[in-house]
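*Asks:* Reminder that position 48 of the sequence shown reads as 47 in numbering that gives the first Met the number 0, one-by-one numbering, no gaps.
My questions all concern the structure below.
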Amino acid sequence: MPNKKSTEKDVRKLTKSGNGSIGLTLPIEIVRELGWKEKQKVVVKRVHGGLLIKDWKK
0 MPNKKSTEKD VRKLTKSGNG SIGLTLPIEI VRELGWKEKQ KVVVKRVHGG LLIKDWKK
């Protein structure tokens, strides 16, 4: 299977994952750069023009 073009690598689809929930996959390269792990808590905030996803701190 050929590699995706660089412009296509950043394009993701939203998928339904239960009763009214929508899921989004993140590029593994970005997750690794941030040092995030499976089941890690993150904060999702709506900002002008999109979303902000960041690590959850107590």
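All C-beta atoms in this analysis are idealised placements derived from N, C-alpha and C, irrespective of residue type, glycine included.
Measure the C-alpha to C-alpha separation of L13 and Q39 and round it to an integer number of angstroms.
*Replies:* Computed Cα separation, rounded: 20 Å.
*Asks:* Between which residues of its own chain and P26 is the CB-CB distance below 6 Å, once the five residues before and five after are set aside?
*Replies:* Closer than 6 Å at the Cβ level, and outside the excluded window around P26, lies no residue.
*Asks:* DSSP state of R45, grouped into three classes?
*Replies:* If DSSP states are grouped into helix, strand and coil, R45 belongs with the strands.
*Asks:* From R11 to T24, what distance separates their C-alpha atoms?
*Replies:* So the alpha carbons of these two residues sit roughly 7 Å apart.
*Asks:* In this structure, how does DSSP classify K36 when only helix, strand and coil are distinguished?
*Replies:* Reduced to three states, the DSSP call for K36 is coil.
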